[in-house]
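Asks:
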Amino acid sequence: MRLPTTGPEPVLDGHSRALFEAIDAHPHAPVAVGIQGPGGYGKSATLQELALIYRRAGVAVRTEPPDAAERVDEDCALLVDDAHLLDEARLRGLCRLVEGRRHRLAIAYRPWPRQSTMVELADALKRDGSPLLLCPFTEEQTATYLAGMYGTRPPAALARYVHAQTAGVPRFVDRLARALPPGEPPAEAPRSAVLRFAAELEDLDDRVRGLLLAVATGQRLSLPVLTALLSADADEVDETVKAARATGLLGPDDRLPPIARHALVALIPATHRVAVCARLAELQMQRGAPVLPLVRTLSGAGVSADSLAAVFEAAGNEALVDEPALAAELFATAAGAGRPTTARHALAAALAGDLDSALRLSDRLIAAPGSPERADGAAVAATALTHRGQAARGAELYRWAGTPSAVAFAAIGYLGAGHLEESDRLLLHAPPPDGPPTLLASAALLMARGVRETIGGSSTAALSALVQASALLEPAGRAALLPDSPAALAALVALHYGEFDIAERVLDRAVAARTGGALMARRHRLMQAWILMVRGRTAAATQSLATVTTEGAPLEARDLLFATALEMGIARRNSDLTALARGWALARDAVVRHPVDLFTLLPVGELAIAAARLGELAALLPYLRDARVLLDRLGSPALWETPLHWSALHAAITAEQPAAAEDHVRALAGLAGHSRYGAALAAAAQTWVEVLRGVVDPEKVEAAARGLYEAGLCWDGARLAGQAAIRTADRRAMTTLLDCARALQGRPAGPRSAGPRSAGQPAGSSTTQAVGTPAEGRLSDREQEVADLVLAGMTYKQIGDRLFISAKTVEHHVARMRQRLGCGSRSELLARLRAMAAQRSAGEPVGVPWPRQPTP
C-alpha cells in the first residue's frame with residue numbers, strides 16, 4: 082500500500098464515517114469492503130485511516146496482496162491499494178479470501194481497467210455489502226480540509242476558489258492548498274501546484290492524453306469526432322473515456338477541473354497539443370461546427386496556416402460579427418495560405434475601424450478586372466471614404482457597386498453632398514433587385530427614403546422612416562458595413578426637428594444592439610454626447626465624449642469634426658476661454674479635413690459660434706457659405722436650415738455683427754411655420770436681438786426662454802432669461818427672469834429682496850439685504866454661491882455670467898465677504914473660505930459658468 086501524504090485529518094462523508102465507526106467498534110470481526118474511486122479521490126488516505134484504527138486495536142496490518150496459493154494469517158488486517166493493477170494470480174488470491182469470509186479485508190481500486198478477474202473480485206466484495214464509493218469534496222468539505230491544513234478556518238473566498246479550481250477532487254485540493262497561503266485567493270493557480278501533475282500526465286496512455294487535450298479545448302465532442310480524432314472505433318472510444326475518468330483528471334461530467342486543464346496546457350509538449358487541436362479543428366469544420374476557439378489556440382501557438390487555411394477562413398467568418406479585428410487577422414492568414422479572402426478581409430478591417438487597410442485591400446479588388454468581388458471592394462471603399470468626409474466620391478463608388486444597398490447608400494451620399502437630381506435618379510429609376518431583399522438592403526432603402534423626405538417632404542415621415550430602418554437593422558446590424566447608421570441619421574433629423582427624446586432613444590437602442598460594429602460605435606456615442614451638450618448637461622457630455630477621445634485610435638474625419646465641435650461647444654457653455662483657445666487649432670484642422678455636407682451642419686454651426694467667441698469667425702465664413710450653397714442646391718429645406726441659422730445668429734451676435742444677426746432673425750421668422758421647434762427658435766431669436774438692444778419684455782423673454790427649454794435647448798433657454806435679467810433696470814423683472822433662468826437651469830429660485838435697489842447699485846445686483854441678514858462671520862446664500870465659484874478659480878466675469886449678475890456685483894459680494902469674515906487680504910479670504918468649505922458636511926455643488934454675451 083502507498084505511504085500516505087502527511088496532512089490534516091481526513092474529511093469524511095457519512096458512508097466513510099459509518100465504515101470507520103463499525104470497524105473501530107469491532108476491530109477483530111471479519112469484514113470485506115471494497116473502496117472504489119478514481120485516482121486522487123482518497124482511496125489511499127482511507128486505507129491509511131483504517132490501518133490506524135486496526136493498529137490502535139492491536140491488529141497487525143498487511144499491505145501486500147497474496148497470490149492464488151498463499152495463506153494469509155486470519156489475525157491480521159489485509160489492506161490492498163490499487164487492486165486494479167494486480168496480476169491475475171494476486172486477484173485470484175484476493176477472490177479466495179473474500180469468498181472465505183474469515184479475514185479483515187479492505188481493497189481499494191479504480192473503476193477502470195476492469196479485467197475479468199477484477200470484475201469477479203468487485204462482485205464478490207459487493208455480495209458482502211455495498212462498496213464505499215468515494216466522491217469529490219463539497220465546498221463545505223473543501224473548507225474543512227483547508228481548516229485542518231491551516232489550523233484555522235480559511236476565508237470563504239479562498240475555499241470557493243480552491244473548490245472551483247479543483248472540482249473538489251481531494252488530491253487536487255491538497256496540492257493547491259499546499260501552494261497557497263491562508264489568505265485571499267490568487268489570480269491563477271501557483272506554478273508549484275501545477276508542476277505536481279507532471280508525473281501522472283507522463284504516465285497517461287496516448288489515447289487518454291489525446292482525449293484530455295481535446296476536452297481541454299472546451300469544445301463539445303461528439304462520438305464521430307472522437308472516433309476520428311483518436312483513430313478508434315466506438316467501443317475503444319468508450320474505453321478511453323472510462324480510462325480518462327478513472328485517472329481523476331476527467332470529472333464524472335466529462336469536464337476537466339480548471340487546475341487540471343491548466344496543467345495539461347502547461348506541461349504537455351506544445352507539438353502534441355497543437356497536433357490534437359489542429360486535427361480537432363479540421364474535424365469540427367467538416368461537421369460545420371464552430372472552430373474559432375480552436376483557432377485561437379492555434380494562433381497563439383504560432384501555427385502555420387498552410388495546411389489549415391480553410392480552418393482559419395472559417396474562423397474568420399465566425400469572428401466577423403463580434404470581433405472584426407480578429408477576423409481581419411484570420412482572413413489575412415488564410416489569404417497568405419492561398420485562400421480567396423481579400424474581400425472579407427477588407428470588410429473586417431472596415432468594421433474594425435481600420436480604414437487604411439480597408440481602402441488598400443478594396444482598391445486592390447477594384448483594380449482587378451476579372452475579380453468577381455469588385456463590387457464588394459467598391460462598397461468597402463465607398464464606406465471608408467464616406468467616413469473620411471468624401472461623401473460625393475463614396476456615392477460614386479456605391480453607384481458603381483450596384484447592389485440594392487449600395488444604390489440606396491449612393492442616394493444618401495448624393496443628398497448629403499447636395500446633388501438632389503443624382504439622388505432622385507437612383508431612387509426613382511433603380512432596377513429591381515435580382516434576389517430577395519436582405520435586412521441591409523431594406524434598411525438602406527428606408528434610410529434613403531427617410532433622408533429624401535427631409536428635403537421638402539414631411540419631417541415626421543422622415544424621422545419615422547429612419548427610426549424604422551434602425552429597428553429593422555438591429556438583429557443583424559453588428560456585421561453591417563454602413564456609411565452612416567440609420568440611428569445616427571435619425572438622431573440628426575430629430576436634433577434638427579427638436580425631438581431630442583426620440584434621438585436619445587434611437588441612439589440608446591443602436592448602442593445596445595452594436596449597430597454598425599466598432600466603425601459606428603464612436604459615431605453613436607458622439608451623437609449621445611451632443612444631445613447632452615445642447616441640453617446643458619456639460620459634465621455628462623464631457624464624460625461621454627471622453628469615452629470616444631481616450632480610446633487611442635485616431636478619429637476619422639467625420640467623427641473628429643463632431644468631437645472637436647463638442648469640445649468647443651462644452652468649453653463655450655462653461656465660459657472656459659482657455660479651453661476654447663487651446664482647442665481652436667484642432668478644430669480648424671477638423672473643418673479643413675471634412676468638406677461641408679448636409680450631415681455636418683450642426684458641428685459647423687457650433688464651431689462658428691466658438692470662432693466668433695475667439696475673434697476667428699472670418700476663418701469659418703467660407704464653410705458657412707459652403708453650407709448656404711449646399712442648402713440652396715437642395716431647395717433650402719427648412720428642417721436643415723433652421724438650426725444653422727440659429728447657430729449663425731449667435732455667431733453674429735458674439736462677433737458684434739448686428740446686420741448679420743438681423744438677417745438670421747428674419748430667416749428664422751420665415752421658417753417658423755415648419756415646426757414647433759422652428760417657431761421656438763424664431764421667437765427666441767427675435768427676443769435675443771431685442772434684449773441685446775436693451776428692450777426687455779419679461780413676459781416675452783420668459784415665454785421665449787421656456788419655448789427653448791421645451792424644445793430641448795435647456796441651456797439656451799436659461800441663458801436667454803439670465804442675460805435679459807442682467808440687462809434690465811426693472812428690479813421686479815430682473816428677479817422674475819433670474820428665477821426663470823434658475824428654474825430652467827434646474828436650480829432653485831433665488832430669495833426675493835424686500836426693498837428697492839439703491840441708486841448706486843448696479844442693475845442685476847442682488848446685494849440688497851432682506852429681513853434676516855446674516856450675522857457677522859456667516860455668509861448669505863448668495864455669498865456662499867459666490868464663494869464656491871471663487872474657490873473654483875473663476876473670474877468675476879465668469880461668476881457673474883454663471884449667476885446672472887454683473888462682474889461689479891460679484892466684486893461687491895467679495896468685498897462684503899472679506900468684511901464679514903474679518904479678512905485683510907484676498908489670500909486670507911481664500912484660506913478662510915477653504916477652511917469653511919472643509920467644515921461643511923454638505924453644500925451646493927459648484928456649477929459651471931455661463932458664456933460671455935457681448936452686446937452688438
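Counting in the working numbering, the sequence shown runs from 82 upward without gaps. All C-beta atoms, glycine included, are put in the ideal place defined by N, C-alpha and C.
Please state the DSSP three-state secondary structure of residue 826.
Replies: Here residue 826 corresponds to residue number 745 of the sequence shown, with the count starting at 1. In this structure, residue 826 counts as helix in the three-state DSSP scheme.
Asks: Taking 8 Å as the cut-off, decide whether the C-beta atoms of residue 360 and residue 310 are in contact.
Replies: For the purposes of this step, residue 360 is identified with residue 279 of the sequence shown, where counting begins at 1. For the purposes of this step, residue 310 is identified with residue 229 of the sequence shown, where counting begins at 1. Going by C-beta atoms, residue 360 is nearer than 8 Å to residue 310.
Asks: Out of 203, 261, 301 and 793, which has the shortest C-alpha to C-alpha gap to residue 227?
Replies: Translated into positions along the sequence shown, residue 227 becomes position 146. For the residues 203, 261, 301 and 793, the minimum Cα distance to residue 227 belongs to 261.
Asks: Any idea which residues DSSP pairs residue 115 with across the strands?
Replies: As a first step, residue 115 is located in the sequence shown; it is residue number 34 there, counting from the start. Per DSSP, 188.
Asks: Using the C-alpha atoms, what's the distance from residue 183 back to residue 190?
Replies: As a working mapping, residue 190 is identified with position 109 in the sequence shown. As a working mapping, residue 183 is identified with position 102 in the sequence shown. Between residue 190 and residue 183, the C-alpha separation is close to 21 Å.
Asks: Work out the CA separation of residue 215 and residue 96 for me, nearest whole Å.
Replies: Position 15 of the sequence shown holds residue 96. Position 134 of the sequence shown holds residue 215. Rounded to the nearest angstrom, the two C-alpha atoms are 9 Å apart.
Asks: Apart from the five residues just before and just after residue 724, which ones in its own chain have a Cβ nearer than 8 Å to its Cβ?
Replies: Looking up residue 724 in the sequence shown gives position 643. Cβ neighbours of residue 724 beyond the five flanking positions: 576, 577, 682, 683, 686 and 762.
Asks: At the level of alpha carbons, what is the spacing between residue 232 and residue 93?
Replies: Here residue 232 refers to the residue found at position 151 of the sequence shown. Here residue 93 refers to the residue found at position 12 of the sequence shown. Roughly 18 Å between the two C-alpha positions.
Asks: Only counting the same chain, and skipping five residues up and downstream in sequence, which positions put a Cβ closer than 7 Å to that of residue 518?
Replies: Your numbering for residue 518 matches position 437 in the sequence shown. These residues qualify, in order along the chain: 485.
Asks: Taking the C-alpha atoms as reference points, what is the distance between residue 926 and residue 909?
Replies: Position 845 of the sequence shown, counted from the first residue, corresponds to residue 926. Position 828 of the sequence shown, counted from the first residue, corresponds to residue 909. With a pLDDT of only 31 at residue 926, under the threshold of 50, the placement of this residue in the model should not be trusted; the figure read from the coordinates follows. When rounded, the distance between both Cα atoms is 23 Å.
Asks: Nearest to residue 146 by alpha carbon, out of 171, 122 and 203?
Replies: On the sequence shown, position 65 is the one that residue 146 refers to. Residue 171 is the option with its Cα nearest to residue 146.
Asks: Could you check the C-alpha separation between residue 205 and residue 173 for me, to the nearest Å?
Replies: In the sequence shown, the residue the question calls residue 205 occupies position 124. In the sequence shown, the residue the question calls residue 173 occupies position 92. Distance between the alpha carbons of residue 205 and residue 173: 11 Å.
Asks: Among 456, 451 and 616, whose alpha-carbon lies nearest the alpha-carbon of residue 425?
Replies: Stepping through the sequence shown from its first residue, residue 425 is reached at position 344. Residue 425 has its Cα closest to that of 456, out of 456, 451 and 616.
Asks: Could you tell me whether the Cβ atoms of residue 598 and residue 405 are closer together than 8 Å?
Replies: Here residue 598 corresponds to residue number 517 of the sequence shown, with the count starting at 1. Here residue 405 corresponds to residue number 324 of the sequence shown, with the count starting at 1. Yes, the Cβ-Cβ distance between residue 598 and residue 405 is below 8 Å.
Asks: For the 8 Å Cβ check, are there 3 or more pairs between the region 730-742 and the region 765-774?
Replies: Touching, yes.
Asks: Taking the alpha-carbon positions, what's the residue 692 to residue 608 distance?
Replies: Looking up residue 692 in the sequence shown gives position 611. Looking up residue 608 in the sequence shown gives position 527. Distance between the alpha carbons of residue 692 and residue 608 is about 22 Å.
Asks: Where residue 352 and residue 392 are concerned, what is the direct C-alpha to C-alpha distance, given to the nearest angstrom?
Replies: For this step, residue 352 is matched to residue 271 along the sequence shown. For this step, residue 392 is matched to residue 311 along the sequence shown. Taking the straight line joining both Cα atoms gives about 18 Å.
Asks: Could you say which of 613, 589 and 177 lies nearest to residue 602 if we only look at CA atoms?
Replies: Walking along the sequence shown from the start, residue 602 turns up at place 521. Nearest option by C-alpha distance: 589.
Asks: With C-beta atoms as the reference, is residue 721 less than 8 Å away from residue 679?
Replies: Position 640 of the sequence shown, counting from 1, holds the residue named residue 721. Position 598 of the sequence shown, counting from 1, holds the residue named residue 679. Going by C-beta atoms, residue 721 is nearer than 8 Å to residue 679.
Asks: Give me the residue from 570, 823, 377 and 619 with the minimum Cα distance to residue 414.
Replies: By 1-based counting over the sequence shown, the position of residue 414 is 333. Cα-wise, what sits closest to residue 414 is 377.
Asks: Do the region 520-528 and the region 470-490 make contact, defined as three or more Cβ pairs closer than 8 Å?
Replies: As far as the Cβ criterion goes, the region 520-528 touches the region 470-490, which means the pair count is three or higher.
Asks: According to the neighbour-count rule (16 or more other Cβ atoms, all chains shown, within 10 Å of its Cβ), is residue 98 buried or exposed?
Replies: In the sequence shown, counting from the first residue as 1, residue 98 sits at position 17. Label assigned to residue 98: exposed.
Asks: Rounded to whole angstroms, what is the Cα-Cα separation between residue 319 and residue 327?
Replies: In the sequence shown, the residue the question calls residue 319 occupies position 238. In the sequence shown, the residue the question calls residue 327 occupies position 246. So the alpha carbons of these two residues sit roughly 12 Å apart.
Asks: So what does residue 143 bridge to, in DSSP terms?
Replies: Counted from its first residue, the sequence shown places residue 143 at position 62. 159.
Asks: Between residue 256 and the ligand SAM, is there a pair consisting of the residue's CB and a ligand heavy atom that are separated by less than 7 Å?
Replies: This structure does not include the ligand SAM; it has no bound ligands of any sort.
Asks: Look at the Cβ atom of residue 561, then the Cβ atom of residue 554, and state whether they are nearer than 8 Å.
Replies: As a first step, residue 561 must be located in the sequence shown, where it is residue number 480. As a first step, residue 554 must be located in the sequence shown, where it is residue number 473. It is a contact, given that the beta carbons lie within the stated cut-off.
Asks: Using the three-state DSSP reduction, which class does residue 214 fall into: helix, strand or coil?
Replies: Within the sequence shown, numbered from 1, the residue matching residue 214 stands at position 133. Strand, per DSSP.
Asks: Given a threshold of 16 other Cβ atoms within 10 Å of its Cβ, counted over all protein chains shown, does residue 659 qualify as buried or as exposed?
Replies: Locating residue 659 in the sequence shown gives position 578, where the first residue counts as 1. That one is exposed.
Asks: Tell me, to the nearest whole angstrom, how far the beta carbon of residue 340 is from that of residue 257; I am working on the premise that it is less than 8 Å.
Replies: For this step, residue 340 is matched to residue 259 along the sequence shown. For this step, residue 257 is matched to residue 176 along the sequence shown. 6 Å between Cβ atoms; contact.
Asks: Please check the pair residue 789 and residue 801, which I expect to be a contact at CB under 8 Å, by giving their CB distance rounded to whole angstroms.
Replies: The residue given as residue 789 occupies position 708 in the sequence shown. The residue given as residue 801 occupies position 720 in the sequence shown. Rounded, the Cβ-Cβ distance is 6 Å, consistent with contact.
Asks: If you compare alpha carbons, which of 355, 394 and 346 is closest to residue 366?
Replies: If you number the sequence shown from 1, residue 366 lands on position 285. The option with the nearest alpha carbon to residue 366 is 394.
Asks: For residue 167, which residues of its own chain have a beta-carbon under 7 Å away from its beta-carbon, when the five flanking residues on both sides are left out?
Replies: Within the sequence shown, residue 167 is the residue found at index 86, counting from 1. Result list for residue 167: 146, in chain order.
Asks: Taking C-beta to C-beta, are residue 249 and residue 219 nearer than 8 Å?
Replies: In the sequence shown, the residue the question calls residue 249 occupies position 168. In the sequence shown, the residue the question calls residue 219 occupies position 138. It is a contact, given that the beta carbons lie within the stated cut-off.
Asks: Which residue's Cα is closest to the Cα of residue 210: 116, 162, 252 and 280?
Replies: Along the sequence shown, one-based indexing puts residue 210 at 129. For residue 210, the nearest C-alpha among the options comes from 116.
Asks: Please report how far the alpha carbon of residue 688 lies from the alpha carbon of residue 657, in whole angstroms.
Replies: Here the question's residue 688 lines up with position 607 in the sequence shown. Here the question's residue 657 lines up with position 576 in the sequence shown. Computed Cα separation, rounded: 15 Å.
Asks: Helix, strand or coil, according to DSSP, for residue 609 in the structure here?
Replies: As a first step, residue 609 is located in the sequence shown; it is residue number 528 there, counting from the start. Looking at residue 609 - three-state DSSP - the assignment turns out to be helix.
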